[in-house]
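Residue numbers (our numbering), protein chains in the order written: chain A, 1293 to 1832; chain B, 1293 to 1832. Positions of the beta carbon are idealized from the N, C-alpha and C atoms, including for glycine. Input: a single structure, listed below in structure tokens.
There are 2 protein chains.
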Amino acid sequence: MTLARPSAAYPDPSWWGWGDEAEVPVLSQSVRRLLEDGLGVRAPAPRPDSIEDLPLAPLRLSGDAVGALAEVAGEQNVTSEPEARLRHTGGKSTPDLLRLRALDTTGAPDAVVLPGSHDEVLELLRICSERAIAVVPYGGGTSVVGGLEPAADRFTGVVALDLRRMNALVALDDESQLAVLEPGLRGPEAEALLRERGYTIGHFPQSFEYATLGGFAATRSSGQASAGYGRFDDLVLALRVATPQGTVETGRAPKTAAGPDLRQLFLGSEGTLGVITALTVELRRAPQLTVYDGWRFPSFAEGMRALRVLAQDGPMPTVLRLSDEAETALSLAAPDSLGEPPEVGGCLVIVGHEGSAEELSSRVAGVKWALERSGADRDRNAGEQWAQARYHGPYLRDALLDAGALVETLETVAFWSRLPALYEAVSRALRDSLTGQGTPPVILCHVSHLYRSGASLYFTVACAQADDPVGQWRTAKRTAADAIMAAGGSITHHHGVGTDHRPWYELETGALGVRALRAVKAELDPSGILNPGVLLAPAD
Amino acid sequence: MTLARPSAAYPDPSWWGWGDEAEVPVLSQSVRRLLEDGLGVRAPAPRPDSIEDLPLAPLRLSGDAVGALAEVAGEQNVTSEPEARLRHTGGKSTPDLLRLRALDTTGAPDAVVLPGSHDEVLELLRICSERAIAVVPYGGGTSVVGGLEPAADRFTGVVALDLRRMNALVALDDESQLAVLEPGLRGPEAEALLRERGYTIGHFPQSFEYATLGGFAATRSSGQASAGYGRFDDLVLALRVATPQGTVETGRAPKTAAGPDLRQLFLGSEGTLGVITALTVELRRAPQLTVYDGWRFPSFAEGMRALRVLAQDGPMPTVLRLSDEAETALSLAAPDSLGEPPEVGGCLVIVGHEGSAEELSSRVAGVKWALERSGADRDRNAGEQWAQARYHGPYLRDALLDAGALVETLETVAFWSRLPALYEAVSRALRDSLTGQGTPPVILCHVSHLYRSGASLYFTVACAQADDPVGQWRTAKRTAADAIMAAGGSITHHHGVGTDHRPWYELETGALGVRALRAVKAELDPSGILNPGVLLAPAD
């Protein structure tokens, strides 16, 4: 019972970096000078030549266990080949990539299983529960917060449950403008199937090209066009979830007053409460028009004020993003030109409009008028430049890691009145921590997700790699996260919790809130096999 | 630490009916004729003259227990006086009112306790937990689904925890456009405190005049202006909740990716998981302009199609409501003129616009254009008529019950593609069930809450009271609820679950979903004292 599937298999991402190797830029002379003279980057970090150079811990799963899984999913859909195991090791966080470069493959699964249906997932979870095999639900593998790092000690092995075979457009309801989709569809695959039928989901996070719909839901992903289309968790109308104890189905209607909203327990559960096997998602008509535009504000504070007024009084464009002075100067909005001297100072605003000609007619003019009134100057080419490079940021990280730099991003969200202090506190924490470690950083920031009551801050930080770059990262991360909590921000706006944010997530949720979540987990997953150690500390 | 409180105590509602006795209309001759000739209403149902005529079960709580509660809340804030107990018995559902008329006061609490602070609530819950005293959190007492009907057998008594003393505007954040408010504030009290400061919440359910903010949150209330301002659960940014096991605080930011959203567990929990002691709510600027307008469509189907297009393609007005042919004919939009012959046929649409002059300029014209294009004719006075009578519906019920009629409302919500069949199925179920009981009904319906993917249906049904009107109601209710489930609707859009909807709520949530909720309940409220039997069947 499916309407359609992608016509071709999606290419595997690079095993050592973000996605398509061919997209990794060659750093210009000016960038190399900036790294060497500005940040003191010295030795380029080595990277293994071939995936075959990576070591791998011996298999822990018995042949009997692998056989039981193969009986459910089919022989051809269960493998313990080294390359498959390595390609499902960790995610794409900076420490994940650094560990790989250091030939550390801790956390590699013992087997990769590719289920084909909800019922197969149910049966696989039942078997793994009985045999104490940890299960890591695997979508695009793009976690940047250690979401693919199971605490597997007390289990007999680890299975990566790769959902790529569950990639159908199951149903489309034109009248209700919704679609039922399987979790293994990658962003571009889902969009292609829907665009053919006149629709879009409108969800375009930076991970769009590799991440999956199941992952978007499980991590409460938020896309670059969230101002117009909403966050992914706003767009999910219903979920089907397989757990070791059976199936949960939520969502018979857009909204109800029928008790607590169980959708909101599984959204953000990061694979710890169940495996999402189908999603019902709200659709929009595919836009007739797409217009990107750039503006400059004299200062970050003035830009923030103008964005707040737009978020509170409207009209809201589809994409709205403000870079601080440092990010504007380094032109991170267009990473290919990084390091070239900035033409104009100030703070860059990217404005994108998508929709019908009718919708755009008054909205484009309204936003233009509001920005001009707030003191912004037009920067005509910046919009298109940004749109062309919108998914390229992570490739620059690959090149910078190659060159011996440490580069990382982190994000938070808070109410408007807390944002200026939060911005200062996180910037200071990163600067102090890294400078204290002998590697003074460059720190950039932008605002890219806006709400009536607040907004997110997204930081990019780059410095020279120290001798122990993972330790260097961990110290800076801890300092920044402490600063976020002290300044009243949330530990994450859209990257998720994983293992990296877990201590602060537990602080933010409070001891009793954590107990409530653990109670749900114990009920749905009594053996604790689902992504152990992610979100919540592993059970004793 | 409070900014302001209401300057005067709010008047108590009528003990035998909806709210202010003076508002109960005198039925016109034409209505009486309609009841007698059309519905076969015969004997007027008796109603006790005075609250003192009502019987009351003997007190179960020991003096020692009452003393322990008084020690926390103060002597003057704990009472077991008969009138106070009776005024906290049941809610305002039709069976609640019928039972009261039949001198049935089952479920009366043994004591009414008025806590003054979060810490007092915590301590009261601890004591009640220790002593196995059931606790019914009490806001406005306006539940129409049996939300105030505790299953108290296995407890040593029942306390109504009336939150009226917790009625402060605690804080206002102008920059973030949010307010922290206490749960005991009634709708008009909260609006008055906020309007003085230039803001509105924009939440105006029919229960607005008596219900409280805590109740709005605990039941996922949805107001008449939900198209413009959103549902109450969309407006809640943070909650502070007291439970027998301590405090849960949720919401540091507008939205986050930090795990499952715990706000969404307490929203809709109907007092079963904790007592909401503070709410952070999103505000809007108080509107400069308010415009109400009426339109007529030739048929309900054409009106539904036009409303769907508005919900999906915009622009959306602040209030949008469509009556079916029967509701339009009976002019229930303006109950004072009920029974007068309709001037024009078709289906009435009420459109309300609120906002700044700037916002309204293009929106009013856009909606007008869309409605005209869809074939609607202007009905100039209907908008203002509706706005004036917007909170009066329940008073008409009081008069009709007096006259010997049975009158009830019920609501559901579903995706657009399911709505026509759902409308037919519920209408048929009500008609068949009541006709089969010898009391053929009048059935009216309107759509008043719209989403991109679906809408709610709100039914009003009236017929003659049978000899056992509560039994008559129960049979019809069961038949209608079964029809809702079979046609793919949710058991409630905004009335909540209470005890009346519990069996269908459990069906809708599924066995495993119910187990997950029970696990949360067992963790936060291990003695099960909080509103037992509401939402979920009482524990064995």
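- In this structure, the alpha-carbon of GLU1483 of chain B lies about 51 Å from that of ASP1388 of chain A.
- Here DSSP, grouped into helix, strand and coil, assigns PRO1429 of chain A to strand.
- In terms of CA proximity to GLY1606 of chain A, A:GLY1658 leads the group A:GLY1658, A:VAL1573, A:THR1704.
- Between the region 1480-1496 of chain A and the region 1320-1334 of chain A there are fewer than three C-beta pairs closer than 8 Å, too few to call the two in contact.
- Here the region 1295-1312 of chain B lies against the region 1683-1694 of chain B, with 3 or more beta-carbon pairs under 8 Å apart.
- ALA1444 of chain A places its beta carbon less than 8 Å from that of VAL1450 of chain A.
- Look at ARG1766 of chain B here: in three-state DSSP terms it is helix.
- When the beta-carbon positions are compared, LEU1440 of chain B and GLY1507 of chain B stay at least 8 Å from each other.
- DSSP places TRP1587 of chain A in the uninterrupted beta strand (DSSP E) bounded by 1581-1589.
- Residues are counted here when their Cβ sits less than 8 Å from a Cβ of chain A; for the region 1777-1799 of chain B these are GLY1780, GLY1781, SER1782, ILE1783, THR1784, HIS1785, HIS1786, HIS1787, GLY1788, VAL1789, HIS1793, TYR1797, given in chain order.
- Nearest to ARG1446 of chain B by alpha-carbon distance, out of B:VAL1358, B:LEU1455, B:ILE1425, is B:ILE1425.
- The region 1553-1561 of chain A makes no contact with the region 1458-1467 of chain A: fewer than 3 CB pairs, one atom from each, lie closer than 8 Å.
- Remark: C-beta atoms of VAL1370 of chain B and VAL1405 of chain B approach each other more closely than 8 Å.
- Residues of the region 1705-1727 of chain A whose Cβ lies closer than 7 Å to any Cβ of chain B, in chain order: VAL1705, ALA1706, PHE1707, TRP1708, SER1709.
- Under the DSSP definition of a beta bridge, SER1748 of chain A partners with A:VAL1705.
- For the region 1571-1582 of chain A, the beta-carbon criterion of a distance under 7 Å to any beta-carbon of chain B is satisfied by GLU1574.
- When the Cα atoms are used, LEU1612 of chain A and SER1654 of chain A turn out to be separated by approximately 17 Å.
- In this chain, the alpha helix (DSSP H) harbouring GLY1479 of chain B covers 1479-1487.
- Setting aside the 5 residues that flank it on each side, VAL1462 of chain A is surrounded in the same chain by THR1294, VAL1472, each with a C-beta closer than 6 Å to its C-beta; the list follows chain order.
- Straight-line measurement puts the Cα of VAL1789 of chain B at about 17 Å from the Cα of PRO1546 of chain A.
- Beta bridge pairing from DSSP links VAL1533 of chain A with A:VAL1540, A:ILE1568.
- Taking a beta-carbon distance threshold of 8 Å, TYR1491 of chain A does not count as an interface residue toward chain B.
- Contact with chain B is absent for LYS1769 of chain A, since none of that chain's Cβ atoms lies less than 8 Å from the residue's Cβ.
- Only residues of its own chain outside the window of five on either side were considered, and among them PRO1497, ARG1523, PHE1524, HIS1741, HIS1785, HIS1786 have a CB closer than 7 Å to the CB of SER1514 of chain B, listed in chain order.
- Shown here for ARG1682 of chain B: same chain residues with a beta carbon closer than 8 Å to its own, the five before and five after excluded, namely PHE1496, GLN1498, GLN1516 in chain order.
- With a cutoff of 8 Å on beta-carbon distance, TYR1521 of chain B and THR1434 of chain B are scored as not near each other.
- Fewer than three beta-carbon pairs drawn from the region 1758-1774 of chain B and the region 1401-1415 of chain B are found closer than 8 Å, and the two stretches are therefore not classed as touching.
- For the 8 Å CB-CB criterion, ALA1510 of chain A and GLY1563 of chain A form a contact.
- The beta carbon of PRO1830 of chain B lies closer than 6 Å to those of ALA1443, PRO1824 in the same chain, with the five residues before and after it left out.
- DSSP, reduced to helix, strand and coil, places ARG1555 of chain A within a helical segment of the structure shown.
- As far as DSSP is concerned, GLU1501 of chain A takes part in no beta bridge.
- Taking a C-beta cut-off of 7 Å against chain B, the contacting residues of the region 1448-1479 of chain A are ASP1465, GLU1467, SER1468, GLN1469, LEU1470, listed in chain order.
- A direct Cα-Cα distance of roughly 35 Å separates LEU1455 of chain B from VAL1528 of chain A.
- For ASP1774 of chain A, no Cβ of chain B is located within less than 8 Å of the residue's own Cβ.
- For LEU1505 of chain A, same chain residues with a beta-carbon under 6 Å away, outside a window of 5 residues either side, are LEU1473, PRO1475, LEU1477, ALA1482, LEU1571 in chain order.
- Under DSSP, ALA1756 of chain B forms a beta bridge with B:ALA1697.
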